[in-house]
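Scroll down for the structure; my scribbles are underneath it.
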Amino acid sequence: MKGLRIGVDIGGTFTDIVLLDDDGRVLTRKVPSTPDDYARGIVDGLAALFAASGVGPGEVEEVLHATTVASNAILERKGARVGLVGTEGFRDVLEIRSLRMPRLYDIAWEKPPPLVERRLRVTVDERIDARGNVRRALERADAERAIDRLVAEGVDVIAVCLINAFANPEHERLIEAVARERAPGIPCTTSHDVLPEIKEYERTSTTVINAYVMPVVAHYLASLRRELDRGGLGVPLLLMQSNGGLLPAEEAARHPAHIIESGPAAGVVGAQVLAARLGLPDVVTFDMGGTTAKASLVEGGAFTRSQDYQVGGGIMRGSRLLTGSGYLLRVPAIDLAEVGAGGGSIVSVDAGGSLQVGPESAGAVPGPVCYGRGGDRATVTDANVVLGYLNPEFLVGGELTLDADASARAIAAQVAEPLGIDVAHAAYGAHQVAAATMMRAIRAVSSERGRDPRRYALFAFGGNGPLFAATMARGLGMRRIVVPPGPGLFSAFGLLYAEVEHHYSRSLLRLVATCDPSELEAAWAELERRAHAQLTAEGFPPERQELLRSAHLHYKGQSYELEVPAPSGTIDAAALAAIEDAFGREHERTYGHRAGREEPVELVHLGLLARGRAERPRTPAGMLAAGADGSRPRAARSAYFGPELGWLETTVVGRAALTTVHPGPCIVEEYDATCLVPPGARAVLDDASNIVIELD
Amino acid sequence: MSDAFDPVEFELLKNALFGIADEMALTICRTTYSGVLRDNMDFSTAIADADGKMVAQGLTLPGHLGSVPTALDVVVERFAGDIAPGDVFIMNDPFEGGMHLPDIFVFKPVFAGDERVAFACTVCHHGDVGGRVPGSNASDSTEIYQEGVRIPPLKLHDRGRRNETLIALLERNVRIPVQLMGDLRAQLAACHICETQLAELVDRHGPAKLRRYMTEIIDYAERLTRAAIAELPDGEFRFDDWIDDDGIDVDRPIPLVCTIRKRGDRLQVDWTGSSEQVKGAINSTLSFTKSHSYAAVRCVLPGDIPSNEGVFRAIEVIAPPGTITNMVLPGACAARGLTGFRMGDCALGALAMMVPERVCAASDGGNTGVSIGGWTRERKPFIYVDFACGTWGGRPWADGLEGNANLFANMASQSIEVTESEHPLEILRYEFLPDRAGAGRFRGGAPYVREYRFLEHEGVLQVRSDRRRFRPYGLYGGGPGRPSANYLVRDGEPRPMPTKFIHDIRHGDVFRHELAGGGGWGDPLEREPERVLADVRNDLLSAALARADYGVVLTADETAVDATGTAGLRARMRAARAGQAPAVAWDDAPQAAE
């Protein structure tokens, strides 16, 4: 049997399917999503792909999947009716949040409504202190009263989060047991299981999100499983997590909080693996679509993770200072900075005479002016058409015809005239300002973390990524750009590269200088025991189980922790010293200074990453990417490169033409994306069909 | 190089400079040692041009808008001709550009070669700067000399060399030197980030262009501000409010009077008529009064105006010396945050007279400050500083927010679990209180209660609160919010406490603070009965008050509205009313207090 592997990435409009066979042959398919029942679109798309390729479902080994179903449930507020059990005196932890709002001077600010309304938040009389001692024991009868009340309210799921339960889960366990007994049909999720970490709001919010999306995700996965089975695909189904690892569908149904950012994560994983194969350990990934752009950092061959993020917060303009815009989720996730700039972003001039791009977007409907679908406000895509960067006649291989004159009229009236400059300069300005906005996302993951972006290559994908990559790279002083094949459906590719991963953590607040090493070792051993059990149950033999410890620390008094790797095996004084020193170095690297020896370093959480490695490499070394459009005739058109260079005759080629070095100005047109190689840059294909652009 | 103004370059440099200011703020946030800085974001960062004019301020504390220029002006003037590469300036003196002693300013001039191109500016609220009470924020000090170490404008670094004399002196005069030094290091790190990134801009654009566009960015903000002001109605709009007392003269209300005069594209905020300077430590400095005046006006302007000198040029602030809005020596000011919040609310009140459809009723009055400090049995110091706020007044289009930071201090609450793991405290309660919000078509926000149990053997509790006698006002038919309250529970016996006090506490004592409810907006009889029912079902309103305040009658099981009963009751309540409701609703006429 051939080991075919399938990656499926569901987006709001399109479902991207990628099929990879043992020889490294890749087939792709973009089909419309079917929101009423996503599974149908997937199965239909697969059937079409099988028909076209001559392979059958029996040859498929596994299906890897990224989905927006969980995040959509939150964005559209269509999750479950959740009942929340908390500690008496703390009924409103979920709603009071951290108080802070994401905007200043804004009387019109509205908090996102809590995912559990107050009457469904009940409390029990109990208390555990910060060290885990029971100060007030929970009476079973009280737990029963709380559960009965939620049952009477008709909740779909019960979430439990008690104060200091991270230090002692005994009361949460009692409530869970009572819930099982009295409400056996209602799933129950507890905070010590979802996130055994200190900070009650973070833990409550995460537990509630897990509960809120649980029935939606469970139903979706069950339906997908059924459809796959019916289509003869009774193979393992693995879900992409926000952290870049895969999770078996059964586990994803229990901990759906982990799969919220599944699509964007898949793209980063793909970038990480491809970059490593190119011998580029340090890259910034840049994923730009129609409404948003996302950046993340891959360093030393590994992507970086953030410990928490806001779901459904709308698009921030690259500011990480003001939080509270959405629903806080504290699970490890690939660290992505997102800004509201994409092809559909509106270009305008404000009352003070300044050129603005976004965050308002024309979206897919009505879309840019040039699409001729009713859009009448100039967008970034219109600017790119005016500049000659985009084909003035059509996009998506001819499926979308463009009206370049309409773009020019809109840019002239809405941008050039108010600013008193010519149309080309105005369009060029919009392109530059959009790039500057997106550079903030890249800075957020690099220089704001003490990393100099000039040391990194830029890995660009998404429908618009390759069009802006060179402008961004130049603005940031970056020298090399990589554009993978099929940039427009790269997230589906990314799925093929991921490994099974589980993350475990536990809060343990101890001063490193005075803590008992054996206590740490025991705590890590306990996490490792759970990880082994999980991976073994998933069929990974011990030699393919990889466990990596980490420690999250800060100087006592600080509230942000930095994560550093921790040694495996015995923890002794030397191991502690190594952890402390690694922290000091990381602090210096990130913030430019470290404290003297007299300042106590505090351990906050222990982390464990458990990876189940596939039996053989998940992807062959060389993949023959389909979609490299070799047949395209060579052409040329005039494109504008700023007031100094003006309009230049620019070569237009397909990707396959880049087997020889092409100096800029040059434009690479493909089915799903357009890549811009400006003057002063050179582009060439590498062995794996990536476009590599070098800047002077 | 071309001298022509290029709108594209302008936008790029503007974004870059504001990005740097934000990045400076992030640096402080992530590396600070004190809860006040990391959670309350009680700090600001900014970039000023070579002359000290503020170009870009980081997004942190709304009430700090405009605090930097006054301080930087003093430094630029005093050290004229003696500002060199490698210098770092420090100061906190409220009588020479500062705000109150815990707010320490650190400035670093940035050079391109020999040419000064900018100043990196930071100001942070430090956890303790000495003085008679841990936390250096007592509201009952009566002279600046009791409040801590007073730092005139000095060089912290002189051409790259640390001023060890000054540092030694500072370390000896604060309770937790390691924390002060750690937070000063965070400020220096922020200045360093600014310097590095400005150097990149200078490399790319050259110093002349950077200078030129800095001026343009200020002019741009001024144009936007003036254009927005021009659209507001002309006229004179006055609002009176009262602080309960200063904690010393406990029976004497303190009037705040704000008059906003607006003509064309100019706007004036005049505090004439406000109280004389008071004995207690709630006197404001001119810079702090300016900040809150700017911040209040900003709330009715469009959101995208850059925060810089250009905004200040369009708004004139008048605060007569010797008043609570512009104190003179030897005034005490450690707890002047209270006055800032209330000046903000008072200025918003005046704006509500100007543009009723754009302004909310009164909030809870801003942060209540709670400090618990002392020495453990091992003679180790501990200081816990907490700020509580979270209730907005009703708005002309929506209910007041609850459990949300104040408009003038976008703080975050500190985690209960972290508090309990770091301090000898147990938090017993932190949740909303029913029946406290001001009634209205759009009701005020529900306040919360917070209870702290003290677990060390002995210590000192210091509280700064207000809005008890003079409750948060309602607007245009909305009722006032219920007052704030303080209790000290010892041996199970709750004792009411004044709004401002210092008290010795011992193991097991519980302090309970209840915030004031937000004021309501609009006639409560116009509130949709279903929304009243929702509040009842969420335990935020009792059926009795639904009836008394809103004229809404519920069914016996309180799960539905009795439509007929409600219509009848509302008709009777309307009939019983005498005339139009006043624009501003207080509990009892505050004028009686004068």
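In the order they appear, the protein sequences are chains A and B. Residue 222 is where the first sequence starts when you use our numbering, and the numbers rise one by one after that. Residue 45 is where the second sequence starts when you use our numbering, and the numbers rise one by one after that. We treat Cβ as the ideally placed atom computed from N, Cα and C, and that holds for glycine. For clarity, every value in this text was computed on a predicted model and none was experimentally measured.
* Asked: Which word fits D66 of chain B, buried or exposed, when buried means at least 16 other C-beta atoms lie within 10 angstroms of its C-beta?
  -> buried
* **Proximity test, Cβ basis, 8 Å: M693 of chain A and chain B** => no
* **Proximity test, Cβ basis, 8 Å: D571 of chain A and chain B** => yes
* What residues of chain A sit near I460 of chain B, judged by a beta carbon separation below 7 Å? -> I384, E421
* Can you round the beta-carbon distance between K515 of chain A and P485 of chain A to whole angstroms, since I take them to be within the 8 Å contact cut? -> 6 Å
* Inter-residue Cα distance where the pair is R361 of chain A and D601 of chain B -> 28 Å
* Closer than 7 Å at the beta carbon, the chain A residues around G447 of chain B -> D313, E316, I317, R318, L320
* To do: List the DSSP bridge partners of L409 of chain A.
  => Per the sequence presented here, residue 409 of chain A reads as Cys, with Leu not at that position. C409 of chain A pairs with A:I379.
* **N- and C-terminal bounds of the beta strand (DSSP E) containing C165 of chain B** => 159-169
* Could you list the residues in the region 302-323 of chain B with a C-beta less than 9 Å from some C-beta on chain A, going in chain order? => none
* CB contact check: Y474 of chain B to chain A, cutoff 8 Å -> yes
* To do: Taking S726 of chain A as part of the alpha helix (DSSP H), name the residues at either end of that continuous run.
  => Unbroken run through S726 of chain A is the beta strand (DSSP E), 721-732; no alpha helix (DSSP H).
* **Assumed close pair G579 of chain A, G595 of chain A - CB separation to whole angstroms, cut-off 8 Å** => Going by Cβ atoms, the distance from G579 of chain A to G595 of chain A rounds to 20 Å, so no, they are not a contact pair.
* Enumerate, from N- to C-terminal direction, the unbroken beta strand (DSSP E) stretches of 3 or more residues contained entirely within the region 107-189 of chain B. => 132-135, 147-156, 159-169
* To do: With a floor of 3 residues, list each beta strand (DSSP E) that falls wholly inside the region 654-689 of chain A, ordered by position along the chain.
  => 678-682
* To do: Starting from H467 of chain B, follow the alpha helix (DSSP H) in both directions and report where the run begins and ends.
  => Neither: H467 of chain B is in no alpha helix (DSSP H) and is coded neither H nor E.
* In three-state terms, what does DSSP make of D28 of chain B? -> Outside the displayed span of chain B (45 to 638) sits residue 28 of chain B, for which this structure offers no information.
* Determine the chain A residues that contact L584 of chain B at a beta-carbon separation under 9 Å, and present them in chain order. => R339
* To do: State the DSSP-derived secondary structure class of P297 of chain B, mapped to helix, strand or coil.
  => coil
* To do: Please state if the CB of H501 of chain B and the CB of R412 of chain B are separated by a distance shorter than 8 Å.
  => Inspection of the sequence shows that residue 412 of chain B is occupied by Thr rather than by Arg. Contact flag unset, no.
* Which chain B residues are close to I328 of chain A, counting only those with a beta carbon under 9 Å from its beta carbon? -> C343, V344, L392, R402, V403, C404, W436, R439, L451
* **For A622 of chain B, the nearest candidate out of B:I549, B:G521, B:A560, B:R591 (CA to CA)** => B:G521
* Can a CB atom of chain A be found closer than 8 Å to the CB of V52 of chain B? -> yes
* Asked: Helix, strand or coil: how does DSSP classify C887 of chain A here?
  -> strand
* Asked: If the cut is a Cβ gap below 8 Å, which residues of chain B does A351 of chain A touch?
  -> E461, E464, S465
* A442 of chain B at chain A interface by Cβ criterion, 8 Å -> yes
* In whole angstroms, what is the alpha-carbon distance linking P334 of chain A and R575 of chain B? -> 15 Å
* Asked: Residues in its own chain within less than 7 Å of Q528 of chain A by CB, not counting five upstream and five downstream?
  -> R551, P553
* **7 Å Cβ shell around R526 of chain A - same chain, five flanking residues per side excluded** => N464, P553, A554, I555, D556
* P106 of chain B versus chain A: which residues are under 9 Å apart at the beta carbon? -> L325, Y326
* How would you label I266 of chain A, buried or exposed, when you count the other beta carbons within 10 angstroms and need 16 or more for buried? -> Note on residue identity: the sequence assigns Gly, not Ile, to residue 266 of chain A. So G266 of chain A counts as buried.
* When A:S712, A:L315, A:E801, A:F615 are compared against Q493 of chain A, the one with the closest alpha-carbon -> A:S712
* Should A325 of chain B and A376 of chain B be called a contact, given that it needs their Cβ atoms to be closer than 8 Å? -> yes
* What does E470 of chain B touch in chain A if you count any residue whose Cβ is under 9 Å from its own? -> R348, D350, A351, R356
* To do: For T308 of chain A, I'd like the list of residues in its chain whose CB is within less than 8 Å of its CB, leaving aside the five on either flank, ordered along the chain.
  => T344, V345, E347, R348, L383, I384
* **Spatial distance of G175 of chain B from Y77 of chain B (CA atoms)** => 20 Å
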